[in-house]
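Report on the structure given below.
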Ligand SMILES: Nc1ncnc2c1ncn2[C@@H]1O[C@H](COP(=O)(O)OP(=O)(O)O)[C@@H](O)[C@H]1O
Ligand SMILES: [Mg+2]
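Residue numbers (our numbering), protein chains in the order written: chain A, 5 to 337; chain B, 8 to 253.
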């Protein structure tokens, strides 16, 4: 059985004790007149969400697609759980990897349920098991199976279709997910909601996720680590905080731009900055569970130096001062 | 799907009704006598209309099946990476097949197949190949790239992808090609009697020879009715087979 991905005979333990799920070794992709990947080296630890970030055309999609062999590198090797993907059965490899693309690519002639259980069917699961699993997945991505199971893709909104795409990718419970700008085609509020829900899911499922985006804000919000790419090469591979705090090259600095200070706040939970209420309760407030950035935006929008913090019942229980926010933003600069 | 097939009952009913109508030999006689009072025998009387129309349908179905069984695999092959080089050749040969006047093809086929319906079926097959092959080429090359990418990415093998994704998605355009081809064959089959093929062309050819407008009308109206119903049947079939379209 070459298609099994669970077994990992030659796993490599990292210093931190984590295992490498995906490893790119000097990966080069050449087209007749263009070099799309110029020797990429990258390791993705198991259970981590890593984004490939960079300007359009820098090779993110190309790199992602070398993992499930939709693209074969001209040079170099891609390892999945220590195995050279070149040596695995192509169809088996793909059935073991969840794949989500921006244009979604739902099968128009299949119902939502049939779309969702495509991979289990290819894997030969019995009818009852795959049906139950697909319904479970639809519920997991927030689509009530009773309402949506028998709809056709044309009867879905963009956000709903994207959820089906995610349910389809998750249905056979693959350990690895490849996601190519999965939230790129929906409107900003829907995108944020999908991001939040995906983060919540990822917290439970702990998949190894390779996620392509050109949206810095999205990358900062969701990533364990960000791989910032430029013209077929890795510029910097770091945690969001490190990337924002210590850009290593001029390209990274200019890609992050002036908003990087503000972006750092989107990774800082409000908890640590809350102080007891003074005599006066601030006239506006944000939720306790929000990020420092939300508090900062609220201050910018309303004007003022103090913003209230409310608990889940809406009662204002504390406050955050502008000074604390600014300090959090500039820490270890 | 079961309820969808239930929607085809009307189609079956209309076919039964049409052949019931063709069986009313006396009724056709009355109507044609009323239309052409000067003609002595306005209704073709060497064969019944029912038998002529069954012959006609037989020739059409035979040629149509050949077209589908040979034309579709050719189109599928030419849209695979393996057969891509073959595509221009296929496109031009089916186009040439259709530029030959069917009467000429029939007569040229005569020395090979002799007198009878075989030559007629083969000539009609060549003539009807174009819409199915062209429809097939078009259908399999215009499939949405993202859906195909998703199919490969999910782990469909090329063969599974062809039958479970490409074929169902190509079906509307394929069926449109088949419909055009069948109607074309059905209409063109009226020249079959020139090589002894029989069918509804028989009264038309005879009527032209003896200037009997009743004979011509009998054949022409019947062919038109068959063509209309064939067209409508394929349209219904398309709706039933592709419930996922609006
Ligand atoms: N088949 C191809 N032939 C030539 N160049 C290609 C081909 N596919 C992609 N490219 C080029 O490779 C580069 C990287 O593409 P891609 O990985 O899709 O970029 P990204 O996903 O980062 O926007 C682009 O400049 C693109 O034009
Ligand atoms: Mg891309």
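Virtual Cβ for every residue (Gly too), placed ideally from N, Cα, C.
Amino acids of chain A, ordered along the chain, whose beta-carbon sits closer than 8 Å to that of residue i
{"i": "residue 154(B)", "result": "109, 110, 111 and 112"}
{"i": "residue 175(B)", "result": "113"}
Cutoff 9 Å: residue i Cβ touching any chain B Cβ
{"i": "residue 92(A)", "result": "no"}
{"i": "residue 105(A)", "result": "yes"}
{"i": "residue 156(A)", "result": "yes"}
{"i": "residue 72(A)", "result": "yes"}
{"i": "residue 212(A)", "result": "no"}
{"i": "residue 96(A)", "result": "yes"}
{"i": "residue 182(A)", "result": "yes"}
{"i": "residue 172(A)", "result": "yes"}
Euclidean distance between Cα positions of residue i and residue j
{"i": "residue 332(A)", "j": "residue 296(A)", "result": "8 Å"}
{"i": "residue 301(A)", "j": "residue 99(A)", "result": "43 Å"}
{"i": "residue 134(A)", "j": "residue 174(A)", "result": "12 Å"}
{"i": "residue 280(A)", "j": "residue 165(A)", "result": "45 Å"}
{"i": "residue 168(A)", "j": "residue 236(A)", "result": "31 Å"}
{"i": "residue 133(B)", "j": "residue 71(B)", "result": "10 Å"}
{"i": "residue 23(A)", "j": "residue 85(A)", "result": "8 Å"}
{"i": "residue 294(A)", "j": "residue 125(A)", "result": "41 Å"}
{"i": "residue 107(A)", "j": "residue 113(A)", "result": "16 Å"}
{"i": "residue 90(B)", "j": "residue 76(B)", "result": "18 Å"}
{"i": "residue 82(A)", "j": "residue 130(B)", "result": "57 Å"}
{"i": "residue 175(B)", "j": "residue 57(B)", "result": "37 Å"}
{"i": "residue 205(B)", "j": "residue 62(B)", "result": "6 Å"}
{"i": "residue 145(B)", "j": "residue 161(B)", "result": "25 Å"}
Amino acids of chain A, ordered along the chain, whose beta-carbon sits closer than 9 Å to that of residue i
{"i": "residue 148(B)", "result": "Going along chain A, no residue has its Cβ under 9 Å from residue 148(B), so there is no contact; the nearest lies around 17 Å."}
Cutoff 9 Å: residue i Cβ touching any chain A Cβ
{"i": "residue 32(B)", "result": "no"}
{"i": "residue 8(B)", "result": "Since pLDDT at residue 8(B) reaches only 46, below the 50 mark, its modelled position is unreliable, and the value read off the structure follows with that caveat. Not one chain A Cβ lies under 9 Å of residue 8(B)."}
{"i": "residue 172(B)", "result": "yes"}
{"i": "residue 253(B)", "result": "yes"}
{"i": "residue 151(B)", "result": "yes"}
{"i": "residue 240(B)", "result": "no"}
{"i": "residue 158(B)", "result": "yes"}
{"i": "residue 250(B)", "result": "yes"}
{"i": "residue 107(B)", "result": "no"}
Proximity test, residue i beta-carbon vs ligand 2 heavy atom, cut-off 8 Å
{"i": "residue 107(A)", "result": "no"}
{"i": "residue 33(A)", "result": "no"}
{"i": "residue 177(A)", "result": "no"}
{"i": "residue 216(A)", "result": "yes"}
{"i": "residue 185(A)", "result": "yes"}
{"i": "residue 65(A)", "result": "yes"}
Interface residues of chain B facing residue i [CB-CB closer than 8 Å]
{"i": "residue 126(A)", "result": "161, 162, 163 and 167"}
{"i": "residue 99(A)", "result": "161 and 162"}
Ligand 1 heavy atom lying under 8 Å from the CB of residue i
{"i": "residue 82(B)", "result": "no"}
{"i": "residue 43(A)", "result": "no"}
{"i": "residue 231(A)", "result": "no"}
{"i": "residue 219(A)", "result": "no"}
{"i": "residue 36(A)", "result": "yes"}
{"i": "residue 194(B)", "result": "no"}
{"i": "residue 312(A)", "result": "no"}
{"i": "residue 223(A)", "result": "no"}
Chain-ordered chain B contacts of residue i [CB-CB under 7 Å]
{"i": "residue 123(A)", "result": "161 and 162"}
Residue-chain proximity (residue i, chain E), Cβ-Cβ < 9 Å
{"i": "residue 303(A)", "result": "Among the protein chains in the structure shown, which are A and B, there is no chain E."}
For this session: Scan the segment 17–99 of chain B and note each continuous alpha helix (DSSP H) run of 4 residues or more that stays entirely inside, going in chain order.
Result: 32–42 and 56–85
For this session: Any chance you could list the beta strand (DSSP E) runs of at least 3 consecutive residues sitting entirely within the segment 145–231 of chain B, in chain order?
Result: none
For this session: Please list the segments of the alpha helix (DSSP H) lying wholly inside the segment 221–272 of chain A, counting only runs of 4 or more residues, in order along the chain.
Result: 244–249, 254–260 and 264–269
Exercise. Which full runs of the alpha helix (DSSP H) of 4+ residues lie inside the segment 89–147 of chain A, going along the chain?
Worked result: 94–99, 116–120, 122–126 and 131–144
For this session: Only counting runs of 4 or more residues, tell me where the alpha helix (DSSP H) segments fall wholly within the segment 271–314 of chain A, in order along the chain.
Result: 296–306
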